[in-house]
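Take any residue in the sequence shown, count from 1 to its spot, add 592: that is its number in the numbering used here.
The C-beta atom is built at its ideal place from N, Cα and C for all residues, glycine as well.
Have a look at the structure below before the remarks.
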Amino acid sequence: MKILFWLGVFFTLCAPIVIGIHFNDTSTSWVAALSGAFITFVAKLPEIAELSLGPVKARMRDKIEEASVTITQLKKIAVSNSEATLSDLIAGSFMGGMSQAKRLEIHNNVVSALKEIGADEAELEFVERDWKKGISIIYLRAITSAVEGREKAHQVNSAATEAQKSASAELKILSDFDTWTSPTASQTKKVIEKYGINSEDVAFWIAEYKYFEEHGSIRDKERFAQV
């Protein structure tokens, strides 16, 4: 019965998240949660039956504390797994495959699921740390492409000026892809101003990057998904 109890708790917490994220099926998620809760309840029926009127409160307190510890442990597992999931998700954006829009959707689903199980701001920050580094790299990629005057990100602009090429080269020097380190929006803007680069696209992407740094979210998701 004890094994059944732990399986019930694990199923209650984890099944809704997995089903919700991978199958985008909220109703099935909650059915799974209720099923897990029922398994947990059935597993505890023998112990509930054993309770006499005298020690009821003490035993119930013990069981509540045991359940609280269990939920805390499982939340830690969910946070750790989510951090790995988002890190892999953003890393994959540099290798093609899944669309950027789908990656953003999955990210939002993961974060929403974590909030539903009570993840706090510190835990969410941990989960998103590599994700946000990757998003910064994508913003810098968009800025660099705009600096060079590329019509498409993967097509070199043969007519780029020396100033455009120099600005792009300096931005790349300030970046370290191995550690996912990118210059800040302010640093990027200084480099661009240094070479006298001025265009609507460059100004747009620097403003978007600055917004992301300040708010931790993508403002123009539709345009970002096209980078």
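Q: Excluding the 5 residues preceding and the 5 following Ile-798 in the sequence, name in chain order all residues of the same chain whose CB lies nearer than 8 Å to its CB.
A: In the sequence shown, counting from the first residue as 1, residue 798 sits at position 206. Its chain contains Ile-735, Ala-777, Thr-780, Lys-781, Ile-784 as the residues whose beta carbon lies nearer than 8 Å to that of Ile-798, once the 5 sequence neighbours on both sides are disregarded; these appear in chain order.
Q: Below 8 Å on the Cβ atoms is my guess for Leu-678 versus Trp-723; work out the distance and round it to an integer in Å.
A: Residue mapping note: residue 678 aligns to position 86 of the sequence shown, counting from 1. Residue mapping note: residue 723 aligns to position 131 of the sequence shown, counting from 1. Cβ atoms of Leu-678 and Trp-723 come within 8 Å of each other, at about 4 Å.
Q. In or out: Val-748 buried (at least 16 other Cβ within 10 Å) or exposed?
A. Translated into positions along the sequence shown, residue 748 becomes position 156. Counting the other Cβ atoms within 10 Å of the Cβ of Val-748 gives fewer than 16, which makes it exposed.
Q | Residue from Ser-774, Val-794, Phe-769 with nearest C-alpha to Thr-756 | A | Here the question's residue 756 lines up with position 164 in the sequence shown. Strictly speaking, residue 756 in this sequence is Gln, with Thr absent from that position. Scanning Ser-774, Val-794, Phe-769 for the CA closest to the CA of Gln-756 turns up Val-794.
Q) What does DSSP give as the partner residues of Thr-773 in its beta bridges? A) Residue numbering aside, residue 773 sits at position 181 when the sequence shown is read from its first letter. Answer is Asp-768, bridged to Thr-773.
Q.
Excluding the 5 residues flanking Arg-733 on each side, which residues of the same chain have their C-beta closer than 8 Å to its C-beta?
A. Residue mapping note: residue 733 aligns to position 141 of the sequence shown, counting from 1. Correct list, in chain order: Ala-745, Val-819.
Q.
For a quick check, are the C-beta atoms of Ala-705 and Ala-670 less than 9 Å apart?
A. As a position in the sequence shown, residue 705 is number 113, starting the count at 1. As a position in the sequence shown, residue 670 is number 78, starting the count at 1. With a cutoff of 9 Å on beta-carbon distance, Ala-705 and Ala-670 are scored as near each other.
Q | Beta-carbon gap between Ser-791 and Gly-710 smaller than 9 Å | A | Here residue 791 refers to the residue found at position 199 when the sequence shown is read from its first residue. Here residue 710 refers to the residue found at position 118 when the sequence shown is read from its first residue. No; because the gap between Cβ atoms is not below 9 Å, this pair is not in contact.
Q | Expected contact under 8 Å - CB spacing of Phe-804 and Ile-727 to nearest Å | A | Start at 1 with the first residue of the sequence shown, and residue 804 comes out as number 212. Start at 1 with the first residue of the sequence shown, and residue 727 comes out as number 135. Indeed, because the Cβ distance is near 6 Å, the residues count as touching under 8 Å.
Q. Distance, Cα to Cα, Asn-700 vs Gly-788?
A. The sequence position of residue 700 within the sequence shown is 108, counting from 1. The sequence position of residue 788 within the sequence shown is 196, counting from 1. Straight-line Cα distance between these residues: approximately 38 Å.
Q. From this set, Ile-730, Lys-813, Ser-758, Phe-796, which residue's C-alpha is nearest Met-687's C-alpha?
A. To locate residue 687, count along the sequence shown from 1; it is residue 95. In this structure, Ile-730 is the residue among Ile-730, Lys-813, Ser-758, Phe-796 with its C-alpha nearest to the C-alpha of Met-687.
Q: Please state whether DSSP places Gln-692 in a helix, a strand or coil.
A: Position 100 of the sequence shown holds residue 692. Correct three-state label for Gln-692: helix.
Q. For Arg-695, is the classification buried or exposed, using 16 other Cβ atoms within 10 angstroms of its Cβ as the cut-off for buried?
A. Numbered from 1 along the sequence shown, position 103 holds the residue referred to as residue 695. Arg-695 comes out buried.
Q.
With the cut-off set at 9 Å, would you say Leu-716 and Val-739 are in Cβ contact?
A. Translated into the one-based positions of the sequence shown, residue 716 becomes position 124. Translated into the one-based positions of the sequence shown, residue 739 becomes position 147. No, Cβ-Cβ distance for Leu-716 and Val-739 is not below 9 Å.
(Q) Is it buried or exposed, Ala-759, if we count other Cβ atoms within 10 angstroms and call 16 or more buried? (A) Residue numbering aside, residue 759 sits at position 167 when the sequence shown is read from its first letter. Buried.
(Q) On the CB-based measure, 16 or more other CB atoms within 10 Å of its CB, does Ser-674 come out buried or exposed? (A) The sequence position of residue 674 within the sequence shown is 82, counting from 1. That one is buried.
Q) Under 8 Å from any heavy atom of the ligand FAD, does the C-beta of Asn-749 make it? A) Within the structure as shown, the ligand FAD is missing, as the structure has no ligands at all.
Q. Under the three-state reduction of DSSP, which class applies to Thr-736: helix, strand or coil?
A. Within the sequence shown, residue 736 is the residue found at index 144, counting from 1. Of the three classes helix, strand and coil, the one that applies to Thr-736 here is helix, per DSSP.
Q) Is the CB-CB distance between Trp-772 and Lys-725 below 9 Å? A) As a working mapping, residue 772 is identified with position 180 in the sequence shown. As a working mapping, residue 725 is identified with position 133 in the sequence shown. Result yes, Cβ atoms of Trp-772 and Lys-725 sit closer than 9 Å.
(Q) Measuring only the C-alpha atoms, how far is Glu-800 from Arg-811? (A) Here residue 800 refers to the residue found at position 208 of the sequence shown. Here residue 811 refers to the residue found at position 219 of the sequence shown. For Glu-800 and Arg-811, the distance between alpha carbons rounds to 7 Å.
Q | Between the CA atoms of Ser-737 and Pro-548 - distance to the nearest angstrom | A | The question about residue 548 has no answer here: the residues shown for the chain are numbered 593 through 819.
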